[in-house]
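Chemist: Dropping a structure here in structure tokens format, bear with me for questions.
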Amino acid sequence: MKRKIYNRLFATATLAIVVTLLLTVAVCYNLLKKQVLEDSRHYAQMAAGLLEGAEDIEKSLAPLTGENGAQDIRITVIDHEGEVLYDSWVQADSLPNHKSRPEVQETFIKGSGFEIRRSATLDENTYYYAMRLKDGTVLRVAREADSIYKVMEYAVPYLLLIVAGLLVVCGIVSYYLAEGIIRPIRQIAESGGETGEISSYEEMKPFIEAIRKQQNDVLENARLRQEFTANVSHELKTPLTAISGYAELVENGMVAEEGEVRRFCGEIHKNAGRLLVLINDVIRLSELDDSENQEAMEPVNLFECAKNCVDMLQLNAEKHGVTLMVDGVNVVISANRQMVDEVLYNLCDNAIRYNKEKGSVSVIVEDRLNMAVLTVKDTGIGIPREHQERIFERFYRVDKSRSKSTGGTGLGLAIVKHILLKLNAEIELKSEPGEGTEITVTFPAIREARFRQPS
Ligand code: ADP
Numbered sequence: 032m033k034r035k036i037y038n039r040l041f042a043t044a045t046l047a048i049v050v051t052l053l054l055t056v057a058v059c060y061n062l063l064k065k066q067v068l069e070d071s072r073h074y075a076q077m078a079a080g081l082l083e084g085a086e087d088i089e090k091s092l093a094p095l096t097g098e099n100g101a102q103d104i105r106i107t108v109i110d111h112e113g114e115v116l117y118d119s120w121v122q123a124d125s126l127p128n129h130k131s132r133p134e135v136q137e138t139f140i141k142g143s144g145f146e147i148r149r150s151a152t153l154d155e156n157t158y159y160y161a162m163r164l165k166d167g168t169v170l171r172v173a174r175e176a177d178s179i180y181k182v183m184e185y186a187v188p189y190l191l192l193i194v195a196g197l198l199v200v201c202g203i204v205s206y207y208l209a210e211g212i213i214r215p216i217r218q219i220a221e222s223g224g225e226t227g228e229i230s231s232y233e234e235m236k237p238f239i240e241a242i243r244k245q246q247n248d249v250l251e252n253a254r255l256r257q258e259f260t261a262n263v264s265h266e267l268k269t270p271l272t273a274i275s276g277y278a279e280l281v282e283n284g285m286v287a288e289e290g291e292v293r294r295f296c297g298e299i300h301k302n303a304g305r306l307l308v309l310i311n312d313v314i315r316l317s318e319l320d321d322s323e324n325q326e327a328m329e330p331v332n333l334f335e336c337a338k339n340c341v342d343m344l345q346l347n348a349e350k351h352g353v354t355l356m357v358d359g360v361n362v363v364i365s366a367n368r369q370m371v372d373e374v375l376y377n378l379c380d381n382a383i384r385y386n387k388e389k390g391s392v393s394v395i396v397e398d399r400l401n402m403a404v405l406t407v408k409d410t411g412i413g414i415p416r417e418h419q420e421r422i423f424e425r426f427y428r429v430d431k432s433r434s435k436s437t438g439g440t441g442l443g444l445a446i447v448k449h450i451l452l453k454l455n456a457e458i459e460l461k462s463e464p465g466e467g468t469e470i471t472v473t474f475p476a477i478r479e480a481r482f483r484q485p486s
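The opening position of the sequence shown corresponds to residue 32 in the working numbering, with each subsequent residue numbered one higher.
In structure tokens form, the structure reads like this:
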């Protein structure tokens, strides 16, 4: 990248230098042209002054064309027919008629004319300036001057020297500029994310901020993963230790009575069941974590799912001495049936497990504007305010022993949160310790008539 920036800066500077120098040469050449024309005009005016009322052209022009005059200037006098009356360099009668010369023609029309003609060699140009005198004759001044090629030829060695000098300066400046642009980026890479100390441009700040955020996210994810692994191992250890202990006792014949053997086997069975539930929840969470694993969406009648769930949990509720009821209207949402069942099951199961004797759980499905609203309300033990934020975290439990004794894994609400994120649904929790908990989930509803069913 540095090489690229350097090359581009250098190329831009080189182009700018070359173009500037060429333009400078062109401007100088134009100035030269102007100067020669101006000089020629002055000369012509001086000559015209000398010729005024004079009889002998050669004599009158002697101050200009004689030994003390300018030798590089040629003066020609032409009559109104184009015939050459006098020429300071050549015998006049040896010259052809000048009527067709552009500067002479222009003078016949406008009173004065100017023309540059390339000489036989490319090096020089002849500049002609002509003006009409009072008696109708034309006075022409001719002068040789360097052509643009000659000017270039003079200038090229100096130009090359200047270009070489400037290129060296540009090379050095480009190097430091490229280095200056790259330095903060390199510092970010070398600092391993410690971007706090890096002094850089204002425009780089969002970039640094994004990297910092990404790094924090990566660190946070790593921390959560590590914590999760430690928690899973710990959670697996307890039932496995129990299973191993009971099995060892039975194996060593330490349990004499048949009733005891049955009890121990029952314990092994219960703990194995807990293990299975836990492993299933962990697998489910990792499936939901996998962003590539997209479950198919379909129209799902939320009320029907709620009724099924309540039917399924009715016996469980009775066992806990809790009344479980369902009410509401048919509302169709775009979801995955299994996911909706999981949400309902986890919320209702919690509402039963964290309830009181003779308590109740009501499941309500409502159709509000464009939303399908599911409310699971219980009259249970409630959740203290300081825990309310955290109960959706993995393995977070308010009362660990109660959760475990009722078969909880601490993962139910984490699964619910994940699923709701995938279904674009929102969850809201209201809870009062000792009075009960109300969890409201809002799904976007499908409004198409073909999915609406009579309530
Ligand atoms: P668990 O398997 O322990 O029930 P969850 O993720 O389902 O795990 O719930 C996390 C914690 O939130 C529970 O341990 C419990 O302390 C609390 N909780 C969840 N639902 C309720 C509820 N309806 N009433 C009171 N506490 C609840």
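Idealized CB from N, CA, C, for every residue including glycine.
(1) Nearer than 7 angstroms: is that true of the beta carbon of N347 relative to any heavy atom of ligand 1?
(2) Can you find a heavy atom of ligand 2 that lies under 7 angstroms from the Cβ of R416?
(3) Give me, in chain order, the residues of the same chain whose beta-carbon lies closer than 7 angstroms to that of N401; leave out the 5 immediate sequence neighbours on both sides.
(4) Under a three-way DSSP split, which group does Y427 fall into?
(5) Does the beta-carbon of S517, which I'm using as the reference point, lie nearer than 7 angstroms to any heavy atom of ligand 1?
(6) Report the partner residues of S365 according to the DSSP bridge assignment.
(7) Secondary structure at R149, three-state DSSP: helix, strand or coil?
(8) What does the alpha-carbon distance come out to for the pair G413 and I422?
(9) State buried or exposed for E266, treating a residue as buried only when at least 16 other CB atoms are found within 10 Å of its CB.
(10) Is L451 near ligand 1, with its Cβ less than 7 angstroms from a heavy atom?
(11) Relative to the C-alpha of S317, which residue among A445, V360, D110 is closest?
(12) Under the assumption that N156 contacts A173 (Cβ atoms under 8 angstroms), give the Cβ distance between them as a whole number of angstroms.
(13) Are the segment 421-435 and the segment 284-302 touching, with three or more C-beta to C-beta distances below 8 angstroms?
(14) Which first and last residues belong to the alpha helix (DSSP H) in which T138 is found?
(15) Here's a check: name, in chain order, each residue in its chain whose Cβ is nearer than 8 angstroms to the Cβ of L271, leaving out the five neighbours to either side.
(16) Please report the straight-line C-alpha distance between T473 and G438, rounded to a whole angstrom.
(17) Roughly how many whole angstroms lie between the Cα atoms of V489 and M183?
(18) CA-CA distance, T138 and P188?
(19) If distances are taken between C-alpha atoms only, which option among L52, M343, D321 comes closest to I450?
(20) Say yes only if the C-beta of N302 is nearer than 7 angstroms to one or more non-hydrogen atoms of ligand 1, and no if none qualify.
(21) So the alpha helix (DSSP H) K90 belongs to, where does it begin and stop?
(22) Rounding to the nearest angstrom, what Cα-Cα distance links R416 and N332 in this structure?
(23) Taking only three categories from DSSP, how would you classify I395?
(24) Identify every residue that forms a DSSP beta bridge with L170.
(25) Just mark H129 as buried or exposed, buried being the case when its beta carbon has 16 or more other beta carbons within 10 Å.
(26) If you run the structure through DSSP and keep just helix, strand and coil, what is K387?
(27) For L267, which three-state DSSP category applies?
(28) Helix, strand or coil: which one does DSSP assign to I477?
(29) Taking Cβ to Cβ, would you say N377 is nearer than 8 angstroms to M328?
(30) Are at least three pairs of beta-carbons, each pair with one atom in the segment 280-298 and one in the segment 246-257, less than 8 angstroms apart?
(31) Report the CB separation of L81 from L92 in whole angstroms; it is logged as a contact under 8 angstroms.
(32) Bridge partners for E375 per DSSP, in chain order?
(33) Which of the three DSSP states, helix, strand or coil, is assigned to V281?
(34) Pull up the DSSP beta-bridge partners for T406, would you.
(35) So, L52 versus V194, is the Cβ gap smaller than 8 angstroms?
(36) Does the distance from the C-beta atom of G142 to that of V135 stay below 8 angstroms?
Modeler: Put simply:
(1) Along the sequence shown, read from residue 1 onward, the residue named residue 347 stands at position 316. Incorrect: N347 has no Cβ contact closer than 7 angstroms to ligand 1.
(2) With respect to ligand 2, the structure shown offers nothing to examine, as its ligands consist of ligand 1.
(3) Indexing the sequence shown from 1 puts residue 401 at position 370. Excluding five sequence positions before and after N401, the CB atoms of its chain that fall closer than 7 angstroms to its own CB belong to P475, A476, R478, given in chain order.
(4) The residue you call residue 427 lines up with position 396 of the sequence shown. In this structure, Y427 counts as coil in the three-state DSSP scheme.
(5) Because the chain is modelled from 32 through 486, residue 517 falls outside the range shown and cannot be assessed.
(6) Mapped onto the sequence shown, residue 365 falls at position 334. Beta-bridge pairing links S365 to P330.
(7) Position 118 of the sequence shown, counted from the start, is the residue given in the question as residue 149. It is a strand residue.
(8) Taking the sequence shown and counting its residues from 1, the one referred to as residue 413 is at position 382. Taking the sequence shown and counting its residues from 1, the one referred to as residue 422 is at position 391. Between G413 and I422, the C-alpha separation is close to 12 angstroms.
(9) Counting from 1 along the sequence shown, the entry for residue 266 is found at position 235. That one is buried.
(10) Indexing the sequence shown from 1 puts residue 451 at position 420. For ligand 1, not one heavy atom lies less than 7 angstroms from the Cβ of L451.
(11) For the purposes of this step, residue 317 is identified with residue 286 of the sequence shown, where counting begins at 1. That would be A445, whose Cα lies nearest to the Cα of S317.
(12) Indexing the sequence shown from 1 puts residue 156 at position 125. Indexing the sequence shown from 1 puts residue 173 at position 142. That belief does not hold up - the Cβ atoms of N156 and A173 are roughly 11 angstroms apart, past 8 angstroms.
(13) With a cut-off of 8 angstroms, the segment 284-302 and the segment 421-435 do not count as touching, because too few Cβ pairs lie within range.
(14) Within the sequence shown, the letter at position 107 stands for residue 138. 133-141 is the span of the alpha helix (DSSP H), which, as asked, contains T138.
(15) One-based indexing of the sequence shown puts residue 271 at position 240. Excluding sequence neighbours, L271 sits near N302, L306.
(16) Here residue 473 is taken as the residue at index 442 of the sequence shown, counted from 1. Here residue 438 is taken as the residue at index 407 of the sequence shown, counted from 1. T473 and G438 have their C-alpha atoms spaced approximately 28 angstroms apart.
(17) What is shown of the chain runs 32 to 486, which leaves residue 489 out entirely.
(18) Residue 138 sits at position 107 when you count from the first residue of the sequence shown. Residue 188 sits at position 157 when you count from the first residue of the sequence shown. Taking the CA atoms as reference points, T138 sits about 41 angstroms from P188.
(19) Start at 1 with the first residue of the sequence shown, and residue 450 comes out as number 419. Put simply, of L52, M343, D321 the residue whose alpha carbon is nearest the alpha carbon of I450 is D321.
(20) In the sequence shown, the residue the question calls residue 302 occupies position 271. Exclusion of N302 from the 7 angstroms shell around ligand 1 follows from its C-beta lying no nearer than that to any non-hydrogen atom of the ligand.
(21) Stepping through the sequence shown from its first residue, residue 90 is reached at position 59. Where K90 is concerned, the enclosing alpha helix (DSSP H) starts and stops at 88-91.
(22) For this step, residue 416 is matched to residue 385 along the sequence shown. For this step, residue 332 is matched to residue 301 along the sequence shown. Looking at the two C-alpha atoms, the distance is approximately 33 angstroms.
(23) Looking up residue 395 in the sequence shown gives position 364. I395: strand per DSSP, three-state reduction.
(24) Here residue 170 is taken as the residue at index 139 of the sequence shown, counted from 1. V108, M162, per the DSSP bridge assignment.
(25) Position 98 of the sequence shown, counted from the first residue, corresponds to residue 129. Counting Cβ neighbours within 10 Å, H129 comes out buried, since at least 16 surround it.
(26) As a first step, residue 387 is located in the sequence shown; it is residue number 356 there, counting from the start. Residue state, collapsed to three classes: coil.
(27) Taking the first residue of the sequence shown as 1, we reach residue 267 at position 236. If DSSP states are grouped into helix, strand and coil, L267 belongs with the helices.
(28) Counting from 1 along the sequence shown, the entry for residue 477 is found at position 446. Of the three classes helix, strand and coil, the one that applies to I477 here is coil, per DSSP.
(29) Translated into positions along the sequence shown, residue 377 becomes position 346. Translated into positions along the sequence shown, residue 328 becomes position 297. Not in contact: N377 and M328 (Cβ atoms no closer than 8 angstroms).
(30) The segment 280-298 makes no contact with the segment 246-257: fewer than 3 CB pairs, one atom from each, lie closer than 8 angstroms.
(31) Here the question's residue 81 lines up with position 50 in the sequence shown. Here the question's residue 92 lines up with position 61 in the sequence shown. In this structure L81 is in contact with L92, their Cβ atoms being roughly 6 angstroms apart against a cut-off of 8 angstroms.
(32) Counting from 1 along the sequence shown, the entry for residue 375 is found at position 344. For clarity, residue 375 is Leu in the given sequence; the question names Glu instead. Answer is none; L375 lacks a bridge partner.
(33) Locating residue 281 in the sequence shown gives position 250, counting from the first residue. In the three-state reduction of the DSSP assignment, V281 falls in the helix class, which pools H, G and I.
(34) The sequence position of residue 406 within the sequence shown is 375, counting from 1. Residue pairing by DSSP puts T406 in a beta bridge opposite I395, T471.
(35) Locating residue 52 in the sequence shown gives position 21, where the first residue counts as 1. Locating residue 194 in the sequence shown gives position 163, where the first residue counts as 1. Contact flag set, yes.
(36) In the sequence shown, counting from the first residue as 1, residue 142 sits at position 111. In the sequence shown, counting from the first residue as 1, residue 135 sits at position 104. No, they are not a contact pair.
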